[in-house]
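Heads up, the thing below is written out as structure tokens.
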Amino acid sequence: MVRRKDRYLALEFVVAADQHLHSNWITPAKLLEVIRASLQENFGDFGSARHQSRLKVVFFNEQARTAVLRCNRDFSAFVRTSLVFVTSLGSIPVHINVFHVGGTIKSVQKRAIEFLFCWAKDASWRISEYFRALGEKGVGQAQALQKRQEKQQADVQADLRRALVAIEGITKD
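So, in structure tokens, the structure goes:
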């Protein structure tokens, strides 16, 4: 029996800072639909048919805007190229950044965990800078702002914990 050789692509969705995202702005099914449409548009029936069976979203986190995609090793360049041409997911303009490509789910898992820690650190810094700027403008409700900042940072940490549990769970599937 021949072993299937796959590539795992770790993706980040880059959305404009002023873009308001509602919950469920993207789902794994929508993401696959957009990628398959891009493969069909850019590589025709050959590109589309080649990836029908092996293309799968292995991990997806809406809050951190990350995903892990599995595809055939020999044609992973087709998938990466088609991701460049994805400009929107539904009505939301987006750029898909591939931040890691690996041959095993374990290597992608390690890199995704590093990425999520950086994401959480950056989100916490942006929250604290936002509230610091509000305090300098003379909002005057320092205690309320402090509690709000702590709550938002706790929410970021909770999102990070949920994402880490989900990432650690993908190797068990």
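Position 157 of the sequence shown, counted from 1, bears residue number 717 in the working numbering, the numbering being contiguous throughout. The beta carbon of each residue, even a glycine, is placed where N, CA and C say it ideally should be. Owing to the predicted nature of the structure, the values given are computational and were not obtained by experimental measurement.
Can you tell me the Cβ-Cβ gap for residue i and residue j, rounded? I've got them flagged as a contact below 8 Å.
i: E572; j: F659; result: 5 Å
i: S642; j: S598; result: 4 Å
i: N621; j: A714; result: Not quite, the Cβ-Cβ distance comes to about 18 Å (not below 8 Å), so this is no contact.
i: R567; j: G663; result: 6 Å
i: A680; j: Q623; result: The Cβ separation is near 10 Å, so there is no contact.
According to DSSP, simplified to helix, strand and coil, what is residue i?
i: F645; result: coil
i: I652; result: strand
i: L629; result: strand
i: K616; result: strand
i: G604; result: helix
i: A570; result: strand
i: V562; result: coil
By Cβ distance, which residues of its chain are closer than 6 Å to residue i, with the 5 residues on each side in sequence left out?
i: K565; result: R633
i: L615; result: C631
With 8 Å as the threshold, decide whether the Cβ of residue i is near any Cβ in chain B.
i: S642; result: No chain B is part of this structure, which consists of one protein chain only.
Around the C-beta of residue i, are 16 or more other C-beta atoms found within 10 angstroms, so that it is buried, or is it exposed?
i: A570; result: buried
i: W685; result: exposed
i: Q669; result: buried
What does a CB cutoff of less than 8 Å around residue i pick up in its chain, not counting 5 residues either side in sequence?
i: Q600; result: G607 and S608
i: F619; result: T626, A627, V628, A672, A726, I727 and I730
Just list the residues that DSSP pairs residue i with in beta bridges.
i: G662; result: Y568
i: V575; result: V654
For residue i, which residues in the same chain have their Cβ closer than 7 Å to its Cβ, ignoring the five residues on either side in sequence?
i: A683; result: V716
i: P588; result: V617 and F620
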